[in-house]
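Participant: Here's a structure for you.
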Amino acid sequence: MKTKSKMNGHTILLLITIGLFIVLYAGGCIAYSSRGFSHLQTFLNILITNSGLICVTCGLTVVMLTAGIDISVGALIAMDCMILAVGMRSGHNAIVMILIVLVIGIAFGMFQGFLVGYLEIQPFIVTMAGMFFCRGMTAVICTEQVSITEKTSKLFYDWANAKINIPFGGYLNNKGKYMVPYIRPSVVIALLLLLFTYLMLKYTKLGRAFYAIGGNAVSAAMMGLNVKKVKMVAYMLSSIFCSIGAICYALNTMAGSVSQATGLEMDAISSAVIGGTLLTGGVGNVIGSFFGVLINGTISSIVKTNGKLASSWPNILTAALLFVFIVIQSVFAMMRNRKK
Amino acid sequence: MEGNVVLTARGISMTFPGVKALSNVDFTLRKGEIHALMGENGAGKSTLIKCLTGINDFESGEIHVDGISGPVKNHSTKDAQEVGISTVYQEVNLCPNLSVAENLFIGREPMTKLHTIDRRSYNKRSQKIMDELGIAVDVTQNLENYSLAIQQMVAIARAVDMECKVLILDEPTSSLDDEEVEKLFTLMRALRDKGVGIIFVTHFLEQVYAVCDRITVLRDGQLVGEYPIAELPRVKLVAAMMGKNLDDLAEIQKESIENVEQKELEISAKGLSHTGTIKPFDIDIHKGEVVGIAGLLGSGRSELARAIYGADKANTGTLKVDGKEVKINQPIDAMNLGMGMLPDDRKAEGIIADLSVRENIILALQAKRGMFKQLSRAKQEEIADRYIDLVRIKTPNPETMVKQLSGGNQQKVILARWLATNPDFLILDEPTRGIDIGTKSEIQKLIVELASQGKSILFISSEISEMLRTCNRMAIMRDGEKVGELDHDLTQENVMKAIAGGEKEA
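Protein sequences, first through last, are from chains U and W.
With the first sequence counted from 1, adding 1047 to any position gets you my numbering.
With the second sequence counted from 1, adding 4 to any position gets you my numbering.
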């Protein structure tokens, strides 16, 4: 009756994800060591490029744990970036604009969460409407690309260009100059958010409630959990995390445009799935999702370093990976059912 | 309120559209007793329980709970839990993806100073609770790793730890095997000795006599009476539930025993198996014969049937139907060979709740004919009417949605569905589970009747007595293997011995 080892299928899935990342990354290092892939900076660049995506994926993981989905995140990022860019262009302080964006995130998430939690509308439909709304609103604010420059906001510009040096892992470049590896502030934001989400999911009542609801919403309600409220909070967190991600995104791109972050929701969902989060809810954690993001980032990075492969290859590789992972997941599920 | 009474309900009435579900029912539960709530389907057991737990709002009457002044009116299960009434249902209402400890404590976790969950403390407390109740589990493991029986006990442990005074167990044993049921009983007795009042709802008469101290019987929404267990022997209980004496069952037995002369083979399986679920088995079923499959839950009873029917494609062996060797890859092949199967999980595999009785009945027949040869409406209605009449389905009309029928009638609808395809060989997997005694005996009679018309039947049931009444022969299953057959001296004792086997069960 007792299981033989402590290891269950979900832990194995997480280990597979981490192992895959290591294999991919090591492969990249070996194949492209002459082009500098093995430098620490390559890894840090993956973090920098994907800092926004890490934030979004944290939020999405929470929503997916409750067996929901949020496809409005890409469009919300575009809207947030546009608001940041336009606001700063018209002379508003960067901090004020950031606060505004966060408040928008909370309000937007609360509304979507209310529709899903209290009115029990399908999350796909609700967030699809949210997606169209945000994308449309971005164009209403401004149809052109708006840049954030040193002139529009010195403060934001400084943040974007700030380097946080890492005291190890440097190298000498061709000219014999010592290159100090660095990260950007956006990476710090993303990693803090990751840590926060991890602790929240593991050690708070709210965090466990997300799992309970994803496991069996009826039972969760029977056990006295406020299912409606918890669901609403999940969508609120998703939108807030997404808005924080938008700030990271703006720090990286220094612009707002209608077509920004198109399809980002799909990157986030695929990262979470590769990281072992089940779309059916109740299973997964942000560490897995983080490695999911890293795997996607590594694939893009390898394709970029290669230089000859068409830029559509990362998509095909991600598709292949997703396919492999969902097959592994269902094989595990089948094995478990058979055991019973 | 008397000193040792924990719960009284007085004059509870409740009306559903068109039906008086409860009229003026009284119920009293004392401290430290296991009190059976008995009645046929539709007698009002569930309704009464839902009134106690706050799911239904009753119209008149009062509920009093020990330690609370004034009448109690619950509006949700949470309200009920707060006054000390907890319920454990047949379907376990826990989260399989969380650990046992989390399931015990979710919503009321102990916290550290930092306002985070104190995992260590609740793991320790959970282990203590489970140890005290004598349930051997590792509380840090996910609930899904444990059997249904353990899951049910975790649900009970949760209720008990929430300091419930009244524990309602609604059909908790329906999906458990005998050994698991015994464990559950041990737990129930331990709780009774601690002073918890337990209301036990079940269809199994033996179980009532095994654990209960007192019985309250309902019939048609009315209280028949409350009896100490010693004053109400089985026959009287059945009589009280049905409002009549039940001699019909005795009749059936005679019929089946006359029927043993050998006829030609309908089904002959040699070395059939399905990897992982059932080891190779041989079985012969003659025309007009009812063969029972006896064994514990999970011993491979259903799996044997599924391998014949092609629901799990057989990996090895040969199957002859009517003397001809056949290959069955999927159920439709079996259907075309004149087989029908009533699956044990009627909710998941059988009934389509949102379709009407008529549509459910003609479903298999239509599938057999193929999608493009639709039966005319008139023909459908004719078939539906014939089988509603034949199997005695209680439904307002053939267009009523199946979900509005009672469990027993739903079961009859599936039976009708297969009879409509006019099968030569019918597999019935637990056709009487969870339905009342009256309907049970009707279905048993029907089985014998079908056999006398020359149909062959494979009958799977957890109730040995029921198979004794209907079967000519019994196959005995143990641990995924067919271990033997009994064709004479069919008595409860012999069958039990065969199932238990020589050695001790692992």
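Virtual Cβ for every residue (Gly too), placed ideally from N, Cα, C.
Going straight from the alpha carbon of W:GLY296 to that of U:SER1317, what length do you get?
Facilitator: Taking the second sequence and counting its residues from 1, the one referred to as residue 296 of chain W is at position 292. Taking the first sequence and counting its residues from 1, the one referred to as residue 1317 of chain U is at position 270. Cα-Cα distance, rounded: 51 Å.
Participant: Could you work out which residues of chain U lie near W:GLY111, taking near to mean beta carbons separated by less than 7 Å?
Facilitator: Here residue 111 of chain W corresponds to residue number 107 of the second sequence, with the count starting at 1. By Cβ distance, chain U contributes MET1270, GLY1271 and LEU1272.
Participant: Find the residues of chain W that neighbour U:SER1336, judging by a C-beta separation of less than 8 Å, and give them in chain order.
Facilitator: Translated into positions along the first sequence, residue 1336 of chain U becomes position 289. For U:SER1336, no chain W residue has a C-beta closer than 8 Å to its own C-beta; the minimum C-beta separation is roughly 17 Å.
Participant: Using DSSP with H/G/I as helix, E/B as strand and the rest coil, what is U:LYS1210?
Facilitator: Position 163 of the first sequence, counting from 1, holds the residue named residue 1210 of chain U. Note: U:LYS1210 maps to coil in three-state DSSP.
Participant: Report, in whole angstroms, the separation of the C-beta atoms of U:SER1336 and U:PHE1155, which I expect to be a contact under 8 Å.
Facilitator: Here residue 1336 of chain U is taken as the residue at index 289 of the first sequence, counted from 1. Here residue 1155 of chain U is taken as the residue at index 108 of the first sequence, counted from 1. U:SER1336 to U:PHE1155, Cβ: 22 Å. No contact.
Participant: Do you know offhand how far U:SER1347's Cα is from U:ILE1147's?
Facilitator: Along the first sequence, read from residue 1 onward, the residue named residue 1347 of chain U stands at position 300. Along the first sequence, read from residue 1 onward, the residue named residue 1147 of chain U stands at position 100. Going by the C-alpha atoms only, they are around 33 Å apart.
Participant: Relative to chain W, which residues along the segment 1314 to 1339 of chain U have a C-beta separation below 8 Å, given in chain order?
Facilitator: GLY1329 and VAL1330
Participant: DSSP puts W:PHE62 in a beta bridge; with which residues?
Facilitator: Position 58 of the second sequence holds residue 62 of chain W. W:PHE62 is not bridged to any residue.
Participant: Taking CB distances under 8 Å as the criterion, tell me whether U:TYR1258 reaches chain W.
Facilitator: Position 211 of the first sequence, counting from 1, holds the residue named residue 1258 of chain U. Output row for U:TYR1258: interface = yes.
Participant: For W:GLN131, collect the residues of the same chain with a Cβ closer than 6 Å to its Cβ; drop the 5 residues on either side in sequence, then sort them by chain order.
Facilitator: Walking along the second sequence from the start, residue 131 of chain W turns up at place 127. Only VAL143 meet the Cβ criterion.
Participant: Name the chain W residues that come within less than 8 Å of U:ARG1255, Cβ to Cβ?
Facilitator: Position 208 of the first sequence, counted from the start, is the residue given in the question as residue 1255 of chain U. Under the 8 Å cutoff, chain W gives LEU102, GLU106, ILE110, GLU113 and ILE121.
Participant: Who pairs with W:LYS24 in a beta bridge, going by DSSP?
Facilitator: Counted from its first residue, the second sequence places residue 24 of chain W at position 20. Answer by DSSP bridge pairing, in chain order: W:THR19.
Participant: What did DSSP end up calling W:MET166 once you bin it into helix, strand or coil?
Facilitator: Within the second sequence, the letter at position 162 stands for residue 166 of chain W. Of the three classes helix, strand and coil, the one that applies to W:MET166 here is coil, per DSSP.
Participant: Work out the CA separation of W:ILE356 and U:PRO1170 for me, nearest whole Å.
Facilitator: Taking the first sequence and counting its residues from 1, the one referred to as residue 1170 of chain U is at position 123. Taking the second sequence and counting its residues from 1, the one referred to as residue 356 of chain W is at position 352. C-alpha of U:PRO1170 to C-alpha of W:ILE356: approximately 26 Å in a straight line.
Participant: Could I get the ranges of all uninterrupted alpha helix (DSSP H) runs contained in the segment 421 to 505 of chain W, with 4 residues as the minimum, in chain order?
Facilitator: 441 to 456, 468 to 474 and 496 to 504
Participant: Would W:THR190 pass as an interface residue toward chain U - the criterion being a Cβ-Cβ separation below 8 Å?
Facilitator: Taking the first residue of the second sequence as 1, we reach residue 190 of chain W at position 186. Judged by the 8 Å Cβ criterion, W:THR190 is not in contact with chain U.
Participant: Quick check on the DSSP output: what are the complete beta strand (DSSP E) runs of length 3 or more inside the segment 266 to 328 of chain W, in order along the chain?
Facilitator: 269 to 278, 282 to 290, 294 to 298 and 320 to 325
Participant: What does a CB cutoff of less than 7 Å around W:MET192 pick up in its chain, not counting 5 residues either side in sequence?
Facilitator: By one-based count along the second sequence, residue 192 of chain W stands at place 188. Taken in chain order, the residues that qualify are ILE38, ILE202 and VAL215.
Participant: Can you tell me the Cα-Cα spacing of W:THR19 and W:SER64, whole angstroms?
Facilitator: Taking the first residue of the second sequence as position 1, residue 19 of chain W is located at position 15. Taking the first residue of the second sequence as position 1, residue 64 of chain W is located at position 60. The alpha-carbon atoms of W:THR19 and W:SER64 are separated by roughly 10 Å.
Participant: Nearest-angstrom Cα distance between W:GLY342 and W:ASP358?
Facilitator: For the purposes of this step, residue 342 of chain W is identified with residue 338 of the second sequence, where counting begins at 1. For the purposes of this step, residue 358 of chain W is identified with residue 354 of the second sequence, where counting begins at 1. When rounded, the distance between both Cα atoms is 27 Å.
Participant: Which residue marks the beginning of the beta strand (DSSP E) containing W:ILE38, and which one marks its end?
Facilitator: Locating residue 38 of chain W in the second sequence gives position 34, counting from the first residue. First-last of the beta strand (DSSP E) with W:ILE38: 38 to 42.
Participant: I need the straight-line Cα distance from W:LEU253 to W:MET405, nearest angstrom please.
Facilitator: Here residue 253 of chain W corresponds to residue number 249 of the second sequence, with the count starting at 1. Here residue 405 of chain W corresponds to residue number 401 of the second sequence, with the count starting at 1. Here the model assigns W:LEU253 a pLDDT of 47, short of 50, so the residue's position is not dependable, and the following value carries that caveat. W:LEU253 and W:MET405: Cα-Cα distance of roughly 31 Å.
Participant: Establish whether the CB of U:VAL1280 and some CB of chain W are separated by less than 8 Å.
Facilitator: Your numbering for residue 1280 of chain U matches position 233 in the first sequence. It does not: the Cβ of U:VAL1280 has no partner Cβ on chain W nearer than 8 Å.
Participant: For a cutoff of 8 Å on Cβ pairs, would you count U:LEU1369 as touching chain W?
Facilitator: Taking the first sequence and counting its residues from 1, the one referred to as residue 1369 of chain U is at position 322. Not closer than 8 Å to any Cβ of chain W, the Cβ of U:LEU1369 fails to qualify, so no.
Participant: Do we get a CB-CB distance below 8 Å when we pair U:TYR1204 with the residues of chain W?
Facilitator: As a first step, residue 1204 of chain U is located in the first sequence; it is residue number 157 there, counting from the start. No - not a single Cβ of chain W is within 8 Å of the one on U:TYR1204.
Participant: So which residues of chain W does U:LYS1252 contact, with C-beta pairs closer than 7 Å?
Facilitator: In the first sequence, counting from the first residue as 1, residue 1252 of chain U sits at position 205. The contacting residues are GLU113 and ILE121.
Participant: Run through chain W and tell me which residues come within less than 8 Å of U:VAL1265, C-beta to C-beta.
Facilitator: Counted from its first residue, the first sequence places residue 1265 of chain U at position 218. ASN97, listed in chain order.
Participant: Whole angstroms is fine: what's the gap from U:THR1064's alpha carbon to U:SER1080's?
Facilitator: The residue you call residue 1064 of chain U lines up with position 17 of the first sequence. The residue you call residue 1080 of chain U lines up with position 33 of the first sequence. Roughly 23 Å separates the two Cα atoms.
Participant: Starting from the C-beta of W:ILE392, find all residues in its chain whose C-beta is less than 8 Å away, skip the five residues before and the five after it, and write them out in chain order.
Facilitator: The residue you call residue 392 of chain W lines up with position 388 of the second sequence. Excluding its 5 nearest sequence neighbours in each direction, W:ILE392 has C-beta neighbours in its own chain below 8 Å: VAL361, ILE365, THR399, PRO402 and ALA420, listed in chain order.
Participant: DSSP three-state call for U:ARG1082: helix, strand or coil?
Facilitator: Stepping through the first sequence from its first residue, residue 1082 of chain U is reached at position 35. Looking at U:ARG1082 - three-state DSSP - the assignment turns out to be helix.
Participant: Leaving out five residues on either side along the sequence, give the residues of the same chain with a beta carbon under 6 Å from the beta carbon of U:ILE1349.
Facilitator: Within the first sequence, residue 1349 of chain U is the residue found at index 302, counting from 1. Contacts found: GLY1075.
Participant: Any beta-carbon of chain U closer than 8 Å to the one on W:LYS274?
Facilitator: The residue given as residue 274 of chain W occupies position 270 in the second sequence. Taking Cβ atoms only, chain U never reaches closer than 8 Å to W:LYS274, which makes this a no.
Participant: Determine contact between the segment 1370 to 1377 of chain U and the segment 1116 to 1131 of chain U, defined as no fewer than three beta-carbon pairs at a distance below 8 Å.
Facilitator: no
Participant: Less than 6 Å between C-beta atoms, sequence neighbours within five positions excluded: which residues of the same chain meet that for U:PHE1179?
Facilitator: Reading the first sequence from its first residue, position 132 is the one you call residue 1179 of chain U. Hits under 6 Å: none found.
Participant: Please name the residue or residues paired with W:ARG218 in a DSSP beta bridge.
Facilitator: Start at 1 with the first residue of the second sequence, and residue 218 of chain W comes out as number 214. Bridge partners of W:ARG218: W:HIS39 and W:PRO232.
Participant: Assuming W:ARG477 and W:ASP491 form a contact by the criterion Cβ under 8 Å, report the distance between their Cβ atoms to the nearest whole angstrom.
Facilitator: Start at 1 with the first residue of the second sequence, and residue 477 of chain W comes out as number 473. Start at 1 with the first residue of the second sequence, and residue 491 of chain W comes out as number 487. At roughly 5 Å, the Cβ-Cβ gap stays under 8 Å, so W:ARG477 and W:ASP491 are in contact.
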